[in-house]
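See structure below.
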Amino acid sequence: MSAIDGLPPLREVIATHELSAKKSLGQNFLLDLNLTAKIARAAGDLGGADVLEIGPGPGGLTRGLLSEGARRVLAVEKDARCLPALDEISATYPGRLEVINADALALDPLAHLTPPIKVVANLPYNVGTELLVRWLTPPAWPPFWDSLTLMFQREVAERIVAAPGSKAYGRLAVLAQWRCEARIAMRLPPEAFTPPPKVASAVVHLTALPAPRYPADPAVLERVVAAAFGQRRKMLRASLKGLAPDIESVLQDAGIAPTDRAEQVPVEGFCTLTRALAP
Ligand code: SAM
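Set out below in structure tokens:
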């Protein structure tokens, strides 16, 4: 059966262009175009948006984004072997797909995009986490993107959306939830990928809030959260003692029990504490 876009099935694309998956590039491909269209839909209405896709590989998700109506897609791929397959997609969607052969960690994509911008990616997990932290901690807020729809190892996805009081709650949850609405949009078993990775995955959808939920200096907040969760088993009066000589009274003034542990403090509490330390 031919695909909705008239392009060959992805297994054929991979065979034609000899795209055997490289472990070093974290290549676990999505070959089911119904699934990639579903991930594209999880990013919301794409019609009026430019999409930044990192790591298109043979182009399964790229095809999903274009068939779901993305205004334009900028696809950044490190592996030059994928370019001929991506060129075929560009030819099917004239003027809507630009491909850049680059390391996403070294590229400033902004020159190529017009807001509103949505970021969508199925990336190697280490690169994904590094980019996520970068996208969540820009010099100014709101950021260049309206939403991020990203595939992660399921355990990392759980950490991004975790609520206080849970084991998964930590630095990533506070960073993400301070300035975004974050939720898991989809869970995928290893068999959804070719080759299957060792662990399950999930797609996280983050929407940038126009302003952070609570006022706080971002650099100080990051220091507080890093110190608190760096020693998450300790009481806050111990883990944070390097931040102020009278940390017990600062905590009390912020309405936080000095005997609490980091995972008990909601995002609002970390922001109140940050303001108490750096008024
Ligand atoms: N999006 C495709 C899919 O869903 O089938 C491929 C996903 S595969 C998990 C990750 C892709 O990211 C690979 O194509 C890999 O070559 C690419 N990649 C890995 N590191 C990258 C980097 N630093 N910059 C850009 N692309 C990268």
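First residue of the sequence shown: 53, per our numbering; consecutive thereafter. From the three backbone atoms N, C-alpha and C, an ideal C-beta is built for every residue, glycine too. This structure is a prediction, so every number in the text was calculated from the model and none was measured.
Can you tell me whether Met53 is buried or exposed, with buried defined as 16 or more other CB within 10 angstroms of its CB?
Within the sequence shown, residue 53 is the residue found at index 1, counting from 1. Residue placement at Met53 is poorly supported in this model, since its pLDDT is 46, which falls under 50; the coordinates are not used for a value here.
Run the proximity test for Cys323: is its beta-carbon closer than 7 angstroms to any non-hydrogen atom belonging to ligand 1?
Taking the first residue of the sequence shown as position 1, residue 323 is located at position 271. Incorrect: Cys323 has no Cβ contact closer than 7 angstroms to ligand 1.
Can you tell me which residues form a DSSP beta bridge with Asn86?
Numbered from 1 along the sequence shown, position 34 holds the residue referred to as residue 86. Residue pairing for Asn86: DSSP places it in no beta bridge.
Can you look up His69 in the DSSP assignment and give me helix, strand or coil?
As a first step, residue 69 must be located in the sequence shown, where it is residue number 17. Correct three-state label for His69: coil.
Does DSSP classify Ser76 as helix, strand or coil?
Looking up residue 76 in the sequence shown gives position 24. In the structure shown, Ser76 sits in a helix (DSSP, three-state: H, G or I).
Cβ separation of Trp187 and Lys170, assumed to be a contact under 8 angstroms, to the nearest whole Å
Sequence index remark: in the sequence shown, residue 187 carries index 135 (1-based). Sequence index remark: in the sequence shown, residue 170 carries index 118 (1-based). Their Cβ separation, rounded to whole angstroms, is 12 angstroms, which puts Trp187 and Lys170 out of contact at 8 angstroms.
Residues that Gln205 bridges to, as DSSP identifies them
Along the sequence shown, read from residue 1 onward, the residue named residue 205 stands at position 153. Gln205 pairs with Ser253.
With DSSP as the reference, please indicate the residues paired to Lys170 in a beta bridge.
Within the sequence shown, the letter at position 118 stands for residue 170. BP columns for Lys170 point to Val103 and Ser199.
For Ser76, the nearest candidate out of Ala95, Pro176 and Leu292 (CA to CA):
On the sequence shown, residue 76 is found 24 positions in, with the first residue counted as 1. The candidate whose alpha carbon is nearest that of Ser76 is Pro176.
Would you report the Cα separation of Leu240 and Gly100, rounded to the nearest angstrom?
Along the sequence shown, read from residue 1 onward, the residue named residue 240 stands at position 188. Along the sequence shown, read from residue 1 onward, the residue named residue 100 stands at position 48. Cα atoms of Leu240 and Gly100: separation of roughly 28 angstroms, rounded to the nearest angstrom.
Selection from Gly180, Thr68 and Thr88 that minimises the alpha carbon distance to Glu140
Against the sequence shown, residue 140 aligns to sequence position 88. The residue with the shortest Cα to Cα distance from Glu140 is Thr68.
Determine the direct distance from the alpha carbon of Pro216 to that of Gln316, and round the result to whole angstroms.
Taking the first residue of the sequence shown as 1, we reach residue 316 at position 264. Taking the first residue of the sequence shown as 1, we reach residue 216 at position 164. Roughly 6 angstroms between the two C-alpha positions.
Straight-line CA distance for Pro191 to Pro61?
Counted from its first residue, the sequence shown places residue 191 at position 139. Counted from its first residue, the sequence shown places residue 61 at position 9. Using only the alpha carbons, I get a separation of about 42 angstroms.
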